[in-house]
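Quick note on this note's numbering: the sequence shown kicks off at -3 and runs consecutively. Cβ atoms here follow ideal geometry from the backbone N, Cα and C, with glycine treated the same way. Read the structure below first, then the notes.
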Amino acid sequence: MVKEKPNSTRMYDQDGYRRRAACICVRNEAENENIPCLSCKNDDRKHRTEVFVMVVTQELDEWEDSRSK
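Here is the structure:
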């Protein structure tokens, strides 16, 4: 399910929790990460956060999207 708000779009899972994402960036695939949870939820605030591990392949001084249009 998707809810549109004036300045944002929110996605909800099948249980009605608002979906959120977090990321852990590592320099190479050999990094040993201790990740306490890959998905956690907060019943009071009705949101569920999924954590993704991403391998950095390139670093930029400035993102193209950061420049004003």
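The alpha carbon of Asn38 has as its nearest neighbour, out of Val52, Arg16, Arg23 and Thr53, the alpha carbon of Arg16.
Contact annotation: Arg23 and Val49 have beta-carbon atoms that are not nearer than 8 Å. Across the set Glu25, Arg63 and Arg44, the C-alpha of Arg44 shows the shortest separation from the C-alpha of Asp9. For Glu27, the three-state secondary structure derived from DSSP is coil. A direct Cα-Cα distance of roughly 19 Å separates Asp61 from Cys21.
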